[in-house]
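Student:
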Amino acid sequence: MRIRRRFALLFSSAILVFFLFLYVLINYAIPNEKPKSMFILENKLKELQHNLNKHAEEFDEIKKQIDNLQTNQEKSQEQQLDGNDLVKDSIINAGQWVADGGNSECSSKHGDVPGADIQMLDVYRDLEFDNPNGGPWTQGWRVEYDPHHWNAHHKLKVFVVPHSHNDPGWIKTFDTYYEHDTKPILSNLLRHLDANENMKFIWAEISYFSRWYDELSNDAKQRVKRIVQRKQLEFVTGGWVMNDEANAHWISILQQLTEGLTWLKVHLNTTPISSWAIDPFGYTPTMPYILKGSGMKHLLIQRTHYSVKKLMAKNQNLEFRWRQIWDRNGETDFFTHMMPFYSYDVPHTCGPDPKVCCQFDFKRLPGYGLTCPWRIAPQAIDDVNVAKRAELIVDQWRKKSVLYKTRSVLIPLGDDFRYSQSSEWEAQRVNYEKLFDYINNEPNLHCHAKFATLTDYFESVAQEKDFGQFPSLSGDFFTYADKDDNYWSGYFTSRPFHKRLDRVLMNFLRSAEMLHAWTPWENEAGFDGLLRNARRALSLFQHHDGVTGTAKDHVMKDYAARMVDAVSASKFIIQQAVYKLLTKPSIYHGDYKFTYLNIDDSRFPSPNENRPTIIIGDEIPFKYVVVHNSLPQARVELVEFLVAKPFVTVQDPEKNTVPAQVSPVWSWHRGGFTAYAPQASTTKYRLTFKATVPPMGLKVYTILSTNSAAESRGVTYPKITIMTHTPFSLSLGDYPSQVEFTTPKEVSLHAPDGAAVAFTNQGLLKSMTIDSNSPTVPIHLEFLKYGAKKGPDRSGAYLFMPDGPAVPLLLGNLTTLVIRGELESSVSTGLPFVIHDAIMREDGLEIRNLVDIGDMGNTEIVMRFSTPINNGEFFYTDLNGFQVIKRQRFSKIPLQANYYPVPTSMFIEDDTFRFTLLTAQSLGGASLKSGQMEIMQDRRLNQDDNRGLGQGVLDNQPIVNIFKLILELRETCETLDTKHPAGFLTSNVHWQLTTLTYPMDKLVYHENDWVGMQGTFGENHEAVEKGIEVAVLRDLSHMPMPKVGKNYLGIVLRRTQVEKCSTDPNLEGNVNVRRLLGIEEGKDLFTAPLTLLKKETTVPSDEITLCPMEAKAFIVGR
1 MRIRRRFALL FSSAILVFFL FLYVLINYAI PNEKPKSMFI LENKLKELQH NLNKHAEEFD
61 EIKKQIDNLQ TNQEKSQEQQ LDGNDLVKDS IINAGQWVAD GGNSECSSKH GDVPGADIQM
121 LDVYRDLEFD NPNGGPWTQG WRVEYDPHHW NAHHKLKVFV VPHSHNDPGW IKTFDTYYEH
181 DTKPILSNLL RHLDANENMK FIWAEISYFS RWYDELSNDA KQRVKRIVQR KQLEFVTGGW
241 VMNDEANAHW ISILQQLTEG LTWLKVHLNT TPISSWAIDP FGYTPTMPYI LKGSGMKHLL
301 IQRTHYSVKK LMAKNQNLEF RWRQIWDRNG ETDFFTHMMP FYSYDVPHTC GPDPKVCCQF
361 DFKRLPGYGL TCPWRIAPQA IDDVNVAKRA ELIVDQWRKK SVLYKTRSVL IPLGDDFRYS
421 QSSEWEAQRV NYEKLFDYIN NEPNLHCHAK FATLTDYFES VAQEKDFGQF PSLSGDFFTY
481 ADKDDNYWSG YFTSRPFHKR LDRVLMNFLR SAEMLHAWTP WENEAGFDGL LRNARRALSL
541 FQHHDGVTGT AKDHVMKDYA ARMVDAVSAS KFIIQQAVYK LLTKPSIYHG DYKFTYLNID
601 DSRFPSPNEN RPTIIIGDEI PFKYVVVHNS LPQARVELVE FLVAKPFVTV QDPEKNTVPA
661 QVSPVWSWHR GGFTAYAPQA STTKYRLTFK ATVPPMGLKV YTILSTNSAA ESRGVTYPKI
721 TIMTHTPFSL SLGDYPSQVE FTTPKEVSLH APDGAAVAFT NQGLLKSMTI DSNSPTVPIH
781 LEFLKYGAKK GPDRSGAYLF MPDGPAVPLL LGNLTTLVIR GELESSVSTG LPFVIHDAIM
841 REDGLEIRNL VDIGDMGNTE IVMRFSTPIN NGEFFYTDLN GFQVIKRQRF SKIPLQANYY
901 PVPTSMFIED DTFRFTLLTA QSLGGASLKS GQMEIMQDRR LNQDDNRGLG QGVLDNQPIV
961 NIFKLILELR ETCETLDTKH PAGFLTSNVH WQLTTLTYPM DKLVYHENDW VGMQGTFGEN
1021 HEAVEKGIEV AVLRDLSHMP MPKVGKNYLG IVLRRTQVEK CSTDPNLEGN VNVRRLLGIE
1081 EGKDLFTAPL TLLKKETTVP SDEITLCPME AKAFIVGR
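All letters in the sequence shown, in the order written, are residues 1 to 1118 by the UniProt record's numbering.
#1: Note down the Cα distance separating Leu233 from Trp240, rounded to an integer number of angstroms.
#2: On the DSSP letters alone, give me the boundaries of the alpha helix (DSSP H) that Tyr306 sits inside.
#3: Compare the beta carbon distance of Ser828 and Leu817 with 8 Å and say whether it is the shorter of the two.
#4: Within the continuous alpha helix (DSSP H) that includes Gly529, where are the two ends?
#5: Would you list, in sequence order, the uninterrupted alpha helix (DSSP H) runs of no fewer than 4 residues that lie entirely inside the region 174-205?
#6: Along the chain, where does the beta strand (DSSP E) that runs through Phe647 open and close?
#7: Based on DSSP bridge pairs, tell me the residues matched to Met933.
#8: Looking at the strands, I want to know which residues DSSP matches up with Asp244.
#9: Could you pull out every residue in the same chain whose Cβ sits closer than 7 Å to the Cβ of Met199, ignoring the five residues on either side in sequence?
#10: When you compare only the Cα positions, how much space is there between Lys886 and Ile835?
#11: Note down, in chain order, each residue of its chain lying with its Cβ closer than 8 Å to the Cβ of Leu597, except the 5 sequence neighbours on either side.
#12: If I'm right that Leu1049 touches Val1071 with Cβ under 8 Å, what's the distance once you round it to whole angstroms?
#13: Put Gln65 into one of helix, strand or coil per three-state DSSP.
#14: Do Ser987 and Lys929 have their CB atoms nearer than 8 Å?
#15: Measure the CB-CB distance between Gln937 and Val851 and report whether it falls below 8 Å.
#16: When we look at the beta-carbon of Glu375 and count the other beta-carbons within 10 Å, is it buried (16 or more) or exposed?
#17: To which residues of the same chain is Gly293 closer than 7 Å at the C-beta, ignoring the five residues directly before and after it?
#18: Quick check on DSSP: helix, strand or coil for Gly95?
#19: Buried or exposed for Asn849, please, with buried defined as at least 16 other CB atoms from any protein chain shown within 10 angstroms of its CB.
#20: Quick one: is Arg125 buried, meaning 16 or more other Cβ sit within 10 Å of its Cβ, or exposed?
#21: DSSP on Gln679, reduced to helix/strand/coil?
#22: Give, in chain order, every unbroken run of the beta strand (DSSP E) that is at least 3 residues long and sits entirely within the region 592-624.
#23: Excluding the five sequence neighbours on either side, which residues of its own chain have a C-beta within less than 8 Å of the C-beta of Glu1103, listed in chain order?
#24: Can you give me the C-alpha to C-alpha distance between Thr176 and Ala204, rounded to a whole angstrom?
#25: Looking only at its own chain, which residues have a Cβ that is under 7 Å from the Cβ of Lys109, when we skip the five neighbours before and after it?
#26: So, with DSSP's three-state summary, where would you put Ile779?
#27: Short of 6 Å in beta carbon distance, which residues of its chain neighbour Val1116, apart from the five on each side in sequence? Order them along the chain.
#28: Decide yes or no for the touch test of the region 305-312 against the region 376-393: beta carbon pairs closer than 8 Å, at least 3 of them.
#29: Three Cβ pairs or more, each shorter than 8 Å: is that satisfied between the region 642-652 and the region 677-687?
#30: By Cβ distance, which residues of its chain are closer than 7 Å to Ser606, with the 5 residues on each side in sequence left out?
#31: Could you give the C-beta distance for Gln860 and Arg939, rounded to a whole number, given that I count them as a contact under 8 Å?
#32: Enumerate in chain order the residues of its own chain whose CB-to-CB distance from Tyr283 is below 6 Å, with the five nearest sequence positions on each side excluded.
#33: Kindly indicate which three-state DSSP category Phe572 falls into: helix, strand or coil?
#34: Under the rule that 16 or more other beta-carbon atoms within 10 Å means buried, what is His348, buried or exposed?
#35: Take every Cβ of the region 893-913, pair it with every Cβ of the region 961-972, and state whether three or more of those distances are shorter than 8 Å.
#36: Got a sec? Which residues, its chain only, sit under 6 Å from Thr182 by beta carbon, not counting five neighbours each side?
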C-alpha cells in the first residue's frame, strides 16, 4: 500500500512538472508573435491538458489517498510559492483552477443537453420557498460547528476586506455624490493607505475614481500608484459602474467595463482579475461570460433570493463554477462566490448573527453618529476586553466559514459611502489591528486574521481546493426577493422612457464608433473626446440604479440629459464621418464644426417633433439622403423619411427608380367625448422605400420632386379607412386620395405570400396566419391593468406587489385608422392610455405603443397575448440580448415572482407553433397561464416601497415602446430535449431582432449639391453569415500603431446559436476579418480580450471560426 501511495505521489508530481515545463517553454522560449507552428504546439498542449481534465476524478482519488503523506510537504511548498508567482500560477492552472478554454470542440452544440451539478431551474422546482424564522440568522438557521475542525496545522484564515459602495447616482446625482461623499472617501483612502502599509482596500466604480485622480497633483498621483503597486488598493471589476444585470444589454455592459478597464490600464497600468457585484438586484450568467472573456478569474455576488442562499449554504455550495446554460463541456466555467446573508453591510457580513456583527462596526462606536439597531454598541478594543471580544468575533467567523468548503473566510468591512471621515478609518484600522494581534498570537483560537483584498481571499481558496472540487452551476438568479413575497420585479419596467433612451444611445454610439473607425482623423477634430464622453454617459446609465429606473426624479433627469447630449455627439460624429467617407478624397476638406447632414431619428423614446422634413420643389428639385447599415450582412429594408409634398420619386446611385410609398403623417388628439381621433398633417408626408445597403456600409439615395402622382415613378399611395361611430372632417392636404369612413368592424391585412393578420372592431390583434399553406391561429391582444396591494409592503420603483390578477381596462367607443399599402399596411387605434399601431411589412408585424399614463395612480399597464399554444408552465426569456433561458411558472410563488426581465425577446411554444415577441427596450414580462404571454408597458406608483429611494414613481413621460411579433411553425425545426435549460431563436427571428436592435441610420444632406459625392461605401466589405454580429468596431486611441500615424482597430465579433431548422442554410461560423473590414492583406491581426485592452497573440490566418454562442475580440493593423 505504501508503495502504491509513493507511486501515486511521484506520478502526480511528474505530471505537474511536465506541464510546468511546457508552460515555461511556451511563455518564455517563444517570441510574442507566434508562427503557425507555435499555435499548433499550444493547441496540442491544451488538448493534452483537456485529456488530463477528463480524468480529474481519478486524480482526486489519488490525491485523497496521499493527503496524509503530503501534508508537511504541501505546507513547505506553499511557503516557497509565495515568492514565486510563475510557479504558483502554473500549479493552480494544472490543478484546474481556471477552466480550460482551449477545447477543440465547441461548448455549445444544438442537440446536446448541457450538464451541471446544480441547475437553477431544478433548484426552483425543489425549493419550498417557505421562510421560517431561523433565529439570529432570520432567513437561515442556528449555525453550529465542530471546534476541532481547526487546529495548529489547519487554521481558520480570515480575510477582512474594507470597502465602500459608491452609487454613481441614486438619491443624489453623480456630481453631487462625488463632491459631498466620494471625494472625501478617496482623499482619506490615499492618506491612510499610504501611511499604513498593512491596511488594504478595494474599489469598484472607476467613474468616481477617474474623476478624483484627474484632479490630483503629480505627487499625489505617484502616491496612488505606490499603494496600487504595494497591492494595498485593489480595483475590483474595474467597470465604469457596478452595472445592472437585468435590463442592461450585453454590449452596453461590455462598453462600461471596457471604459473602466481602459482607464485603469492607461493611467495605472493595472487590470483587475476579481469582480465584485454586491448590489445588482439579481444576476445573469452573461456577466461571468463577459468577465472571463475580459481576463478575469473570480466573481462575488450578493443579492440572490433568500431561499436560494439558504439552500446553497446548507450544502456548502455558496462557491461554484458558474457555467453558461448552453455549455456542454465546462469551457465557460467561472469561479463565483455568493455571500450568504441578507446584506453587504457590516452587521450581515461577519457571521450569521447581525446583533454580534454590528458590534464590530467601529463607525458605530458611541459618539460617532451611527448606532446599532439591536441596541448593543461596539466597544473600543483594549487590553482588558480584547480576549472576550476576540472570542465573540471568531465565533461568528467560524460559523460563516462552515457554510463554505474551505478554511478561508471572507469578511467584507464596509457599506454605502463608508470611510468618508478620517476618524472612521482610524477606528476601523486600530480596533481591528488590536483584534488581529491578539487572535494571531492566541494559539487556542487556531485563527489567522488580517486586512486583505478580494484577490487575497480567492488565492487562498485556490490554494486549498482545486477548481474541479467546486460544483458547477448553470442558470441565473432572477427574480430576486430579499424577504417574504417582496420580489424585485418592478424595476424590470420602471422608467421605460429612460430604458428606451438607453437603447437609442447604444445604437447611435455603436454606429458613431464604427463610422469614425473607418478613416483616420486629425487631432483638432476632437472626435475622440466626444466619443469618450458619449461612452461614459452610456456607461454611467448602466449603473444598477440607472437603467433600472430606481433613482430619484432629479437623478433620472440628470441621466437623461447626459444621454441626450451623448446622442447629439454621436449623431454629429456620424454625419461628419458619412460626409468624409462619401466624398472623394481629392475634394474633401473637412470643417469639423459643420453639420453636413441631419440625422432622421424616427425611433426616439417619445414623439419626435424635431425630425427633419425634406423640402423639395421647383427651386430645390432634389435632395440626397444616406442610409447606414451597421451590420456585417447586406440589408434590404424599408426606411422612412418625412417629405413636404406627396409627389416624389426615389432613385439609387445608378439612377434606378426605387419602389416607394407615400402616406399622411398622423397624430392623435382627444376629441370632445374624451375618445382619441386621428388628424393628418397637411405640411408633411411619410415616404417609405426599400433601401439596399452593403455590409457595414453606406448608400446614397436621391429624392426628386415631381408635380403629380402620375409623374411620381415607383410611388404608390395607400388606401385610408377610418372606422368610427362619429365621423368627423379631415383634410389630407395634397394627398391624392380621400379617406373612407365606416363603422367599426373586424379587419385584416394581407401580404403577397399569404401571411395575414386580423383585428377586432377595436383595432386590436385577433389572429395571425403564417402563409397561404398554414392555418389561422387565434392570437388575441389586450391591455390590462395591475393595481397596487395595500399594506406595509407595496409596489414601488423596485417591488412589484400587485393587488391581484390584472383586470381589463375599459376602452369605450374607439376610432380605428386602417392604411393598406403595397410596401406596408397598418391598423392604429386610440385607446385612453396608449396609441396602438400594428404595422405589417414583408418581414412581419411591428407593434408601436405610444403609452401615456401620466394621470393614473398606482397603475401598471400590461399588453397580453392569448393563444391556443399549449406551452404549459414553460416559456422563454432572453438575458441581456445575449442568450435565451427557459423559465417555468410556479404556483407556489406569487404572481410577481413569475415575472422576469425581457431585455430583447420572449416566446412560448408547443409541438406545432412558436410565438415570439421581440422588444426594442427592456421591460418585465411573464407567461401566467398556458398560451399566454404578457409584457409590461409602464408603471406609475404613488408610494415608496421602503428600499431606500424615498419616493414613488410619478415622473412618467409619454413613451413609444416598439415590438415585433412572429408566429412560426415548428415542424421543420429540431425540438430541444425537455431537460435543456436554454432556448434558441430561429435564424429568421434572430435576424429580425438584430434589425430591430440596430435600425439603419438615416441622414438628410443639408446642401443642394454634393461635390465629389460617391454613391456607396462598403462594397468591398465581405458579408458574413447571418447569426454573426459585429458588437464593437472602434478606433483604439489608447493603442497607436508605431510609425504610421494611425491607431489600431478593435473589433468584437459574436456568433449566436440559432434553432436548427431544415429550411436554414448550413452555418459554419467562418469570418475573414480583413475582408470583412476591407483591409489589405499583410496587416497585423491579433487576438485580444473582449475589452480590447491589449494585443495577445498573432493570428496566423485571416480566416477565423466562431463557435455558436462565442464572442471573440481582435486588434487589427491598417
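Cβ atoms here follow ideal geometry from the backbone N, Cα and C, with glycine treated the same way.
Tutor: Once the coordinates are examined:
#1: As a working mapping, residue 233 is identified with position 233 in the sequence shown. As a working mapping, residue 240 is identified with position 240 in the sequence shown. Answer to the nearest angstrom: the Cα atoms are 17 Å apart.
#2: Residue numbering aside, residue 306 sits at position 306 when the sequence shown is read from its first letter. Counting along the chain, the alpha helix (DSSP H) containing Tyr306 begins and ends at Tyr306 to Lys314.
#3: Working through the sequence shown from its first residue, we reach residue 828 at position 828. Working through the sequence shown from its first residue, we reach residue 817 at position 817. Cβ atoms of Ser828 and Leu817: closer than 8 Å.
#4: On the sequence shown, position 529 is the one that residue 529 refers to. Run containing Gly529: Phe527 to Phe541, per the alpha helix (DSSP H) assignment.
#5: 174-177 and 183-195
#6: Against the sequence shown, residue 647 aligns to sequence position 647. That residue, Phe647, is in no beta strand (DSSP E); it is neither H nor E in DSSP.
#7: The residue you call residue 933 lines up with position 933 of the sequence shown. Its beta-bridge partners are Phe865.
#8: On the sequence shown, position 244 is the one that residue 244 refers to. DSSP output for Asp244 lists no bridge partner at all.
#9: Counting from 1 along the sequence shown, the entry for residue 199 is found at position 199. Closer than 7 Å at Cβ, skipping near neighbours: His192, Leu193, Gln232, Arg429 and Phe451.
#10: Translated into the one-based positions of the sequence shown, residue 886 becomes position 886. Translated into the one-based positions of the sequence shown, residue 835 becomes position 835. Roughly 32 Å between the two C-alpha positions.
#11: In the sequence shown, residue 597 corresponds to position 597, counting from 1. Hits under 8 Å: Gln575, Val578, Tyr579, Val626, Leu1003, Val1004, Tyr1005 and His1006.
#12: Position 1049 of the sequence shown, counted from the start, is the residue given in the question as residue 1049. Position 1071 of the sequence shown, counted from the start, is the residue given in the question as residue 1071. Leu1049 to Val1071, Cβ: 15 Å. No contact.
#13: Translated into positions along the sequence shown, residue 65 becomes position 65. Confidence at Gln65 is low in this model, with a pLDDT of 43, below 50, so the placement of that residue should be treated as unreliable; the coordinate-derived value is given next. If DSSP states are grouped into helix, strand and coil, Gln65 belongs with the helices.
#14: Walking along the sequence shown from the start, residue 987 turns up at place 987. Walking along the sequence shown from the start, residue 929 turns up at place 929. Not in contact: Ser987 and Lys929 (Cβ atoms no closer than 8 Å).
#15: Walking along the sequence shown from the start, residue 937 turns up at place 937. Walking along the sequence shown from the start, residue 851 turns up at place 851. Cβ atoms of Gln937 and Val851: closer than 8 Å.
#16: Residue mapping note: residue 375 aligns to position 375 of the sequence shown, counting from 1. Before going further, note that residue 375 is Arg rather than Glu in the sequence given. It is exposed - the Cβ of Arg375 has fewer than 16 other Cβ atoms within 10 Å.
#17: Taking the first residue of the sequence shown as position 1, residue 293 is located at position 293. For Gly293, where only same-chain residues beyond five positions count, the Cβ hits under 7 Å are Pro1089, Leu1090 and Ala1111.
#18: Numbered from its first residue, the sequence shown carries residue 95 at position 95. Only weak support exists for where Gly95 lies, its pLDDT of 36 falling under 50; the coordinates are left without a value.
#19: As a first step, residue 849 is located in the sequence shown; it is residue number 849 there, counting from the start. Classification for Asn849: buried.
#20: Reading the sequence shown from its first residue, position 125 is the one you call residue 125. Exposed: under 16 other Cβ atoms inside 10 Å.
#21: The residue given as residue 679 occupies position 679 in the sequence shown. Of the three classes helix, strand and coil, the one that applies to Gln679 here is strand, per DSSP.
#22: 597-599
#23: Reading the sequence shown from its first residue, position 1103 is the one you call residue 1103. If we look at Glu1103 and ignore the five residues flanking it on each side, its Cβ neighbours are Asn1070, Val1071 and Asn1072.
#24: Position 176 of the sequence shown, counted from the start, is the residue given in the question as residue 176. Position 204 of the sequence shown, counted from the start, is the residue given in the question as residue 204. Their backbone Cα atoms lie some 19 Å apart in a straight line.
#25: By one-based count along the sequence shown, residue 109 stands at place 109. Same-chain partners within the cutoff: Arg328.
#26: On the sequence shown, residue 779 is found 779 positions in, with the first residue counted as 1. Three-state result, Ile779: coil.
#27: Position 1116 of the sequence shown, counted from the first residue, corresponds to residue 1116. Taken in chain order, the residues that qualify are Leu1049 and Leu1085.
#28: no
#29: yes
#30: Reading the sequence shown from its first residue, position 606 is the one you call residue 606. Cβ neighbours of Ser606 beyond the five flanking positions: Phe497, Gln957, Pro958, Ile959 and Val960.
#31: By 1-based counting over the sequence shown, the position of residue 860 is 860. By 1-based counting over the sequence shown, the position of residue 939 is 939. Checking the sequence shown, residue 860 turns out to be Glu, not Gln. Going by Cβ atoms, the distance from Glu860 to Arg939 rounds to 4 Å, so yes, they are a contact pair.
#32: By one-based count along the sequence shown, residue 283 stands at place 283. Hits under 6 Å: Glu245, Ile301 and Phe477.
#33: Taking the first residue of the sequence shown as position 1, residue 572 is located at position 572. Helix.
#34: Start at 1 with the first residue of the sequence shown, and residue 348 comes out as number 348. When all chains shown are included, His348 counts as buried.
#35: yes
#36: In the sequence shown, counting from the first residue as 1, residue 182 sits at position 182. If we look at Thr182 and ignore the five residues flanking it on each side, its Cβ neighbours are Asn166 and Tyr208.
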